[in-house]
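>
Protein chains in written order, with our numbering: chain A, 10 to 171; chain B, 1095 to 1171.
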């Protein structure tokens, strides 16, 4: 299919839980497999999914540093919506995923990138949450705002809010 | 049914059989048939849906003893 006639799928990722992130990436990678042009907009807690696992928490100034330290993010630190149980439930689900050959969230992010899925952090929420440049993993594209999202959504056949 | 290529997706769950089949079909020539082996029952509805969206043809779905064989003809350009 030519670029111009591709159907679009746009997903707003507002939540930062592991299960919701997986749901978003399963739909995104499937959409790309179906020949759709996929954009994912990350805002508020969803930004945690895109944060690097390693390195300092980041943020300029004491308060932003503190906020980023408490709201550390990164795929490895995400919790389940239910049955997190101080990490026990989450670890159990990751074990079951591995046993059933379900890709990890890291693998899904890499796969999405390879398939041409655009991952766009919202610039306003980055500033509201004190997230500085360089906080995000390499797969992440440039920041954008609501106008860019709405322009994508306007042209999309499917728009989801997760 | 005769196939030009076979993709083993046994033990894989949604979305992996679809993701892998899409990659495989991309490498194939129009008119060729791909056989997908799977055991995730979701594929019985997923593959026809994928074909409807991408414009490929789902020729047959055979199931025996938990193993599902799906045949897809590449018709998209």
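Backbone N, C-alpha and C fix where the C-beta goes; we use that ideal spot for every residue, glycine too.
1. Using a Cβ-Cβ cutoff of less than 8 angstroms, which residues in the same chain neighbour residue 107 of chain A once the five nearest sequence positions on both sides are dropped?
2. Spatial neighbours of residue 1156 of chain B within its chain, please: CB distance less than 6 angstroms, with the 5 preceding and 5 following residues excluded, ordered by chain position.
3. Going along chain B, which residues have a C-beta under 7 angstroms from residue 43 of chain A?
4. Excluding the five sequence neighbours on either side, which residues of its own chain have a C-beta within less than 6 angstroms of the C-beta of residue 82 of chain A, listed in chain order?
5. Quick one: is residue 15 of chain A buried, meaning 16 or more other Cβ sit within 10 Å of its Cβ, or exposed?
6. Does DSSP put residue 1121 of chain B in a helix, a strand or coil?
7. Below 7 angstroms on C-beta distance, what does residue 111 of chain A contact in chain B?
8. Are the segment 15-31 of chain A and the segment 83-90 of chain A in contact at 8 angstroms, needing three or more beta carbon pairs?
9. Are there 16 or more other CB atoms within 10 angstroms of the CB of residue 101 of chain A, so buried, or fewer, so exposed?
10. Report the neighbours of residue 1116 of chain B on chain A: residues whose CB is nearer than 7 angstroms to its CB, in chain order.
11. Could you name the residues of the same chain whose beta carbon sits closer than 7 angstroms to that of residue 1134 of chain B, not counting the 5 residues immediately before and after it, in chain order?
12. Do you know whose CA, among A:55, A:145, A:34, A:40, lies nearest residue 66 of chain A's CA?
13. Could you tell me whether the Cβ atoms of residue 1128 of chain B and residue 1122 of chain B are closer together than 8 angstroms?
So, from the listed chains and residues:
1. Closer than 8 angstroms at the Cβ level, and outside the excluded window around residue 107 of chain A, lie 113.
2. 1163
3. 1144, 1147, 1148
4. 57, 60
5. Within a 10 Å sphere around the beta-carbon of residue 15 of chain A sit fewer than 16 other beta-carbons, which makes this residue exposed.
6. Helix.
7. 1107
8. In short, these stretches touch, since the Cβ pair count reaches three.
9. exposed
10. 42
11. 1106, 1107, 1108, 1111
12. A:145
13. yes
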